[in-house]
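In UniProt numbering, the protein residues as written are 1 to 184. A virtual CB, placed ideally from N, CA and C, is assigned to each residue, including glycine. This one's a predicted model, so the numbers in the text were calculated from it and none came from an experiment.
Written out as structure tokens, the structure reads:
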């Protein structure tokens with residue numbers, strides 16, 4: 001029985017991780033408002049090492065349409081600007097010698113639809129990951145010996161219940177994100 005609990009726990013953890021990844025992916029999809037998470041994945045070449053932007057500068061959002069990046073070392077301004085341009089985020093950085101300002105343009109209808117498609121694709125990938133976790137759990141279950149068919153059937157149903165729950169959760173997250181993206 002301990003092995004069955006272990007399999008169920010493993011499946012649940014994999015599905016939880018998939019949904020957390022989806023949430024992280026959704027944070028990177030901007031919905032018309034400035035957010036520090038938009039630039040969190042930008043890597044800056046700082047003294048020869050690739051460093052996350054939040055380790056070389058203070059990133060803040062003074063208003064809904066602006067991201068302010070204030071480097072702790074002024075000599076890093078050009079490297080940060082270059083990293084932002086190379087990251088293909090669609091921002092044109094401007095600096096005043098002390099900090100870098102990113103103006104977040106309002107989204108066009110076409111861009112909103114594009115972002116909604118991107119969110120849907122992320123959701124589909126997450127659903128595939130959830131289903132793969134189910135398959136892995138079922139394979140592990142089949143490998144077990146000396147377990148009655150009734151018990152195996154019960155665990156299979158529980159795994160399917162988890163799968164249905166997490167797929168529904170993915171759809172709910174998508175619905176929320178689409179509403180956020182399409183809101184003008």
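So, with DSSP's three-state summary, where would you put residue 89?
Residue 89: coil per DSSP, three-state reduction.
Alpha-carbon spacing of residue 182 relative to residue 109, whole angstroms
Between the C-alpha atoms of residue 182 and residue 109 there is a straight-line separation of about 8 Å.
By the DSSP assignment, the beta strand (DSSP E) with residue 63 in it spans what residues?
Annotation for residue 63: the continuous beta strand (DSSP E) segment containing it runs 57 to 63.
Length of the line joining the Cα atoms of residue 166 and residue 60:
Approximately 34 Å, taken between the alpha carbons.
Beta-carbon separation (whole angstroms), residue 173 vs residue 129, contact threshold 8 Å:
Contact doesn't hold; Cβ gap of about 13 Å is too wide.
Which whole-angstrom value is the C-beta distance of residue 38 and residue 89, which I expect to be below 8 Å?
Here residue 38 really is in contact with residue 89; their C-beta atoms are around 7 Å apart, less than 8 Å.
CB residue 34 to CB residue 67, shorter than 8 Å?
For residue 34 and residue 67, yes; Cβs fall inside 8 Å.
Residue 81: buried (16+ other C-beta within 10 angstroms of its C-beta) or exposed?
Residue 81 comes out buried.
Counting along the chain, where does the beta strand (DSSP E) carrying residue 15 start and finish?
No beta strand (DSSP E) holds residue 15; the alpha helix (DSSP H) holding it covers 2 to 28.
From what residue to what residue does the alpha helix (DSSP H) around residue 145 run?
Looking at the DSSP string, residue 145 is not in any alpha helix (DSSP H), and its letter there is neither H nor E.
Run of the beta strand (DSSP E) containing residue 106, from where it starts to where it stops:
That residue, residue 106, is in no beta strand (DSSP E); it is neither H nor E in DSSP.
Apart from the five residues on each side of it in sequence, which residues of its chain come closer than 7 Å, Cβ to Cβ, to residue 119?
Taken in chain order, the residues that qualify are 26, 29, 174, 177, 178 and 181.
Is the CB-CB distance between residue 45 and residue 92 below 8 Å?
No, Cβ-Cβ distance for residue 45 and residue 92 is not below 8 Å.
So what does DSSP say about residue 40, is it helix, strand or coil?
Looking at residue 40 - three-state DSSP - the assignment turns out to be coil, as it is neither helix nor strand.
Cα separation between residue 153 and residue 11?
When rounded, the distance between both Cα atoms is 16 Å.
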